[in-house]
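So the sequence shown is numbered by numbering that gives the first Met the number 0: it starts at 0 and just counts up by one. All C-beta atoms, glycine included, are put in the ideal place defined by N, C-alpha and C. Given the structure is predicted, the values throughout are model-derived calculations rather than measurements. Worksheet for the structure shown next.
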Amino acid sequence: MKIGFFLNIKRYDHRDEEYKHVAPKFKPFGGTSNTVGIAGAQQSPFKSSMVSSGNTTLNPSDGNNLEILAEICLKTSSSSTTIHLRLLDMSKPICVKIDLNRTLDDIRKFLIENVQSLGSNAFKFMEPPSKK
């Protein structure tokens, strides 16, 4: 009657080897604190539309066009969410429907491509106040 069996385990000792740091493949957020974009000192402070050089005020119809364009470009699947963006040039926030797999960088690139006055501004991510 056989009760046990032999198991051959190969173990390798890596204690003497130099550690090799592997960079992450995907970084969803960049920036410092609650700003989105380029990290470090290159990032300009958040400018207001009154001080910015591209001081072109957008009409409410431009906001509607931006919402439609965002839905076409950023929403490709049925699983999506709606976010509210308050842009400097608009008094009313716009509602943008995006896929759940999109990142803040995707939204940032979309805004820079479609709203020329936002190209030189740093973006600031803000959460609504807690309802306690």
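Please classify residue 5 as buried or exposed, where buried requires at least 16 neighbouring CB atoms within 10 angstroms. That one is exposed.
Note down the Cα distance separating residue 117 from residue 94, rounded to an integer number of angstroms. The alpha-carbon atoms of residue 117 and residue 94 are separated by roughly 17 Å.
Which term fits residue 3, buried or exposed, when burial requires 16 or more other beta carbons within 10 angstroms of its beta carbon? By the 10 Å Cβ count, residue 3 comes out exposed.
So, are the CB atoms of residue 97 and residue 123 less than 8 Å apart? No. Outside cutoff.
Whole-angstrom distance between residue 15 and residue 84, CA atom to CA atom: Taking the straight line joining both Cα atoms gives about 52 Å.
Measure the alpha-carbon distance for residue 110 versus residue 7 and round it to whole angstroms. CA-to-CA, the gap between residue 110 and residue 7 works out to about 59 Å.
Count the other CB atoms, across all protein chains shown, that sit within 10 Å of the CB of residue 23; report buried if there are 16 or more and exposed otherwise. Burial check for residue 23: the Cβ neighbour count within 10 Å stays below 16, so the residue is exposed.
Cross-strand partners of residue 77 (DSSP beta bridge): According to the DSSP secondary-structure assignment, residue 77 is paired through a beta bridge with no residue.
When the distance is taken between beta carbons, is residue 114 closer than 8 Å to residue 68? Taking 8 Å as the Cβ cut-off, residue 68 and residue 114 do not qualify as a contacting pair.
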